[in-house]
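Q: Note that UniProt numbering numbers the sequence shown so that position 388 is 388, with each residue one more than the last.
Don't be surprised by glycine CBs; every beta carbon is placed ideally from N, CA and C.
In this text, all values refer to a predicted model and were calculated from it rather than measured experimentally.
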Amino acid sequence: MDLSTLHPWFFAYVLLFLSILYFLLLSKKEGKVYNFPPSPPRLPVIGNLHQFGKIPHYSLWKLSHNYGPIMLLELGQVPTLVVSSPELAKEVLRTYDVDCCTRPMSRGQKKISYNFLDLAFCPYGEYWREMRKLCVMELFSSKRVQSYWKIREEEVKHLIDTIMKGAPNPVQMDDAMFNLTNSVICRIAFGASHKANQFENGQIKEIVADSMFLLSSFSASDLFPSSVGWIIDLITGLHSKHERCFRNFDAFFQKVLDEHLDPSRPRPENDDIIDVMLGLAQDRTTVLKLNKDHIKAILVDIFLGAVDSSSCTSVWLMAELARNPRVMKKVQEEIRNCMGRKPFVEETELEKLKYFKLVVKETLRLHPAASMLVPHETIRQCKIGGYDVLPKTRIFVNVWAIGRDPKIWANPQDFYPERFEGKDYYDFKGQNFDYLPFGSGRRSCPGMTMGLTSVMFNIANLLHCFDWELPNGMKPEEINMEEEFGLITRKKVPLYLVPVKYNWEGKKT
Numbered sequence: 001m002d003l004s005t006l007h008p009w010f011f012a013y014v015l016l017f018l019s020i021l022y023f024l025l026l027s028k029k030e031g032k033v034y035n036f037p038p039s040p041p042r043l044p045v046i047g048n049l050h051q052f053g054k055i056p057h058y059s060l061w062k063l064s065h066n067y068g069p070i071m072l073l074e075l076g077q078v079p080t081l082v083v084s085s086p087e088l089a090k091e092v093l094r095t096y097d098v099d100c101c102t103r104p105m106s107r108g109q110k111k112i113s114y115n116f117l118d119l120a121f122c123p124y125g126e127y128w129r130e131m132r133k134l135c136v137m138e139l140f141s142s143k144r145v146q147s148y149w150k151i152r153e154e155e156v157k158h159l160i161d162t163i164m165k166g167a168p169n170p171v172q173m174d175d176a177m178f179n180l181t182n183s184v185i186c187r188i189a190f191g192a193s194h195k196a197n198q199f200e201n202g203q204i205k206e207i208v209a210d211s212m213f214l215l216s217s218f219s220a221s222d223l224f225p226s227s228v229g230w231i232i233d234l235i236t237g238l239h240s241k242h243e244r245c246f247r248n249f250d251a252f253f254q255k256v257l258d259e260h261l262d263p264s265r266p267r268p269e270n271d272d273i274i275d276v277m278l279g280l281a282q283d284r285t286t287v288l289k290l291n292k293d294h295i296k297a298i299l300v301d302i303f304l305g306a307v308d309s310s311s312c313t314s315v316w317l318m319a320e321l322a323r324n325p326r327v328m329k330k331v332q333e334e335i336r337n338c339m340g341r342k343p344f345v346e347e348t349e350l351e352k353l354k355y356f357k358l359v360v361k362e363t364l365r366l367h368p369a370a371s372m373l374v375p376h377e378t379i380r381q382c383k384i385g386g387y388d389v390l391p392k393t394r395i396f397v398n399v400w401a402i403g404r405d406p407k408i409w410a411n412p413q414d415f416y417p418e419r420f421e422g423k424d425y426y427d428f429k430g431q432n433f434d435y436l437p438f439g440s441g442r443r444s445c446p447g448m449t450m451g452l453t454s455v456m457f458n459i460a461n462l463l464h465c466f467d468w469e470l471p472n473g474m475k476p477e478e479i480n481m482e483e484e485f486g487l488i489t490r491k492k493v494p495l496y497l498v499p500v501k502y503n504w505e506g507k508k509t
């Protein structure tokens, strides 16, 4: 038989038929009767995938109004639990944390032959615990974060000088914040030489953007039987995109490691993160014996967890201030009264900015960087909300929905920082499950201190040095606040603001 004479959709129909047959056979298997959470109606093969929507945290929030704060969905063949209340979040992240603390790894990633990827997205276990301890105690400790103050200061001053030279031209805040954060992270991770060599030509920016897109997209091999899904990923080119993206990561990290291992390399005044890890690799007293793959895995986690989240939070913060002139004026008065005639906000002064801290808290309530946190996966069967949850169930905690729950927050859609006054129990540590911008439990964000310090330092100086106006007579209420979903929730429409230099004598120039 000549296959070339077949209709071009023939193979697609065959795949669809095999998928339907697979699920029909699976559904007839006898098993124990479980008490599963409520579920919206499903379609054959795709399950509830069509209800996930373009903005999943919003779509699932709407679904929860009908089915409650705990729902069991089927995304293709993946059982997926969605919780959207503080009580249930506490069960997932604390009560049954040990049962729900691993991460699902994409089958597409598993088929990519890089050891550092297996380590970067490793399941919960002894290796993961040692890696997290290393990050918290060595790489992202308060002392270590403070040691990088000079890098942050130099980069923020460079941005301010650039804005002043271009004023009063509008600033595209999305690019400005991404470039600033990326430049700081590059220097902290790789050293001063990589600001010019690697960052300015866009190499890291392109790799990070591609990685975030791929990690937030659904792979057919994850959602459907592996043989079928793998073929679909090959046809759509998703597998080759994964391969190319992480090959670029590997090549870039290897080049940087080789440079650091070069005996002729001048020793920097302060160790960057690779220097720290190479030092730990030579320390024979440590439990975890680091090698190059371990170091690459940590670098992947740093870039994917730090660059996008900090820059997106900064953009949302500036957007909310531009939409709320009252809050903008109040926070600028606090910063300028505190700084006096100083032309720059120093990191040591941030603790004095009480109202500014409330503004940051309110921004993260409305716009948590990871709207549904990074997905968890159950290791063993457990009960959440009195319902049975089986092993290998993916779990989303919809912190975006919790942050807008009218049972918890008065007028939850309003940007009102004063709601946090006198409520120090709303901190960023994940102990209060009404407020979880950085998650909680074993999988909470280890880089929280570094991220918060960067956002507050960057924005405080932009607010101190400039007044910010909307371009072309735009009104505050006309700012588009649509979201673009991904692993990190971005602002869909870029934010443009016009800088007006402030001269600390009460006059704009």
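1. The beta strand (DSSP E) with Cys382 in it runs from where to where?
2. My assumption, with CB atoms under 8 angstroms, is that Cys100 sits in contact with Ile395. Please give the rounded CB distance.
3. Can you tell me where the beta strand (DSSP E) with Pro499 in it begins and where it stops?
4. Tell me whether Lys195 sits in a helix, a strand or coil according to DSSP, three-state version.
5. Could you check if Gly108 is buried or exposed, using at least 16 other CB atoms within 10 Å of its CB as the buried criterion?
6. By Cβ distance below 7 angstroms, which residues in the same chain neighbour Glu155 in space, the five residues on each side in sequence not counted?
7. Between which two residues does the beta strand (DSSP E) holding Thr80 run?
8. Span of the beta strand (DSSP E) holding Trp468?
9. Taking CB distances under 7 angstroms as the criterion, tell me whether Val493 reaches chain D.
10. So, at 6 angstroms on beta carbons, what are the nonlocal neighbours of Pro168 in its own chain, with the 5 sequence-adjacent residues on each side left out?
11. Considering only residues of the same chain and omitting the five flanking positions on each side of Ile188, which have a CB-CB separation below 8 angstroms?
12. Skipping 5 residues on each side, what residues in its chain have a beta carbon closer than 8 angstroms to that of Gly447?
13. Taking all protein chains shown into account, decide if Glu418 is buried (16 or more other Cβ within 10 angstroms of its Cβ) or exposed.
14. Could you tell me whether the region 431 to 439 touches the region 368 to 380, where touching means 3 or more Cβ pairs closer than 8 angstroms?
15. In three-state DSSP terms, what is His367?
16. DSSP three-state call for Leu75: helix, strand or coil?
17. Go through the region 156 to 193 residue by residue and report every complete run of the alpha helix (DSSP H) that reaches 4 residues or more, in order.
18. On the CB-based measure, 16 or more other CB atoms within 10 Å of its CB, does Pro79 come out buried or exposed?
19. From Val360 to Leu73, what does the alpha carbon distance come to, in whole angstroms?
20. What's the C-alpha gap between Ile207 and Gly422?
21. From Leu353 to Leu60, what distance separates their C-alpha atoms?
22. Nearest-angstrom Cα distance between Val276 and Lys429?
23. Using CA atoms only, rank isn't needed, just tell me which of Pro343, Lys62, Asn503 is closest to Lys157.
24. Tell whether a beta-carbon distance below 7 angstroms holds between Ser314 and Asn458.
25. Whose C-alpha, out of Ala176, Pro471, Phe52, is nearest the C-alpha of Pro40?
26. Assuming Arg442 is part of the beta strand (DSSP E), what are its boundary residues?
27. Taking the alpha-carbon positions, what's the Gln492 to Glu478 distance?
28. Considering only residues of the same chain and omitting the five flanking positions on each side of Leu278, which have a CB-CB separation below 7 angstroms?
29. Could you give the C-beta distance for Ala322 and Met328, rounded to a whole number, given that I count them as a contact under 8 angstroms?
30. Check the DSSP bridge columns for Thr102 and list the partner residues they point to.
31. CB-CB under 8 angstroms to His50, same chain, minus the five flanking residues each way: which ones, in chain order?
32. Over the uninterrupted alpha helix (DSSP H) stretch that includes Phe428, give me the two end residues.
A: In this structure, then:
1. Counting along the chain, the beta strand (DSSP E) containing Cys382 begins and ends at 382 to 384.
2. That pair is a contact at about 6 angstroms.
3. Going by DSSP, Pro499 is part of the beta strand (DSSP E) stretching over 496 to 501.
4. Low confidence applies to Lys195: its pLDDT is 48, below 50, so where it sits in the model is not reliable enough to give any reading.
5. Here the model assigns Gly108 a pLDDT of 49, short of 50, so the residue's position is not dependable and the matter cannot be decided.
6. Excluding positions up to five away in sequence, the list reads Leu180, Ser183, Val184.
7. In the DSSP assignment, Thr80 falls within the unbroken beta strand (DSSP E) covering 78 to 83.
8. Unbroken beta strand (DSSP E) run through Trp468: 466 to 469.
9. Among the chains in the structure shown there is no chain D, since it carries only a single protein chain.
10. Here the set comprises Val498.
11. The answer, listed in chain order, is Tyr148, Ile151, Asp272, Ile273.
12. Closer than 8 angstroms at Cβ, skipping near neighbours: Cys135, Phe140, Ile302, Gly305, Ala306.
13. With fewer than 16 other Cβ atoms within 10 Å, it is exposed.
14. By the Cβ rule, the region 431 to 439 counts as touching the region 368 to 380, because three or more pairs are nearer than 8 angstroms.
15. In the three-state reduction of the DSSP assignment, His367 falls in the coil class.
16. DSSP, read as helix, strand or coil, puts Leu75 in strand.
17. If only uninterrupted alpha helix (DSSP H) runs of at least 4 residues are considered, those enclosed by the region 156 to 193 are 173 to 190.
18. By the 10 Å Cβ count, Pro79 comes out buried.
19. Cα-Cα distance, rounded: 33 angstroms.
20. Near 43 angstroms, if we compare the C-alpha coordinates of Gly422 and Ile207.
21. Between Leu353 and Leu60, the C-alpha separation is close to 36 angstroms.
22. Taking C-alpha positions only, Val276 is separated from Lys429 by approximately 26 angstroms.
23. Lys157 has its Cα closest to that of Pro343, out of Pro343, Lys62, Asn503.
24. Yes, Cβ-Cβ distance for Ser314 and Asn458 is below 7 angstroms.
25. Checked all of Ala176, Pro471, Phe52; the closest Cα to Pro40 is Phe52.
26. Segment: none, Arg442 is in no beta strand (DSSP E) and carries neither H nor E.
27. Before going further, note that residue 492 is Lys rather than Gln in the sequence given. Linking Lys492 to Glu478 through their CA atoms gives a straight-line distance of about 14 angstroms.
28. Excluding positions up to five away in sequence, the list reads His260.
29. Rounded, the Cβ-Cβ distance is 7 angstroms, consistent with contact.
30. Paired residue(s): Glu377.
31. Closer than 8 angstroms at Cβ, skipping near neighbours: Leu43.
32. Where Phe428 is concerned, there is no enclosing alpha helix (DSSP H), given that its DSSP letter is neither H nor E.
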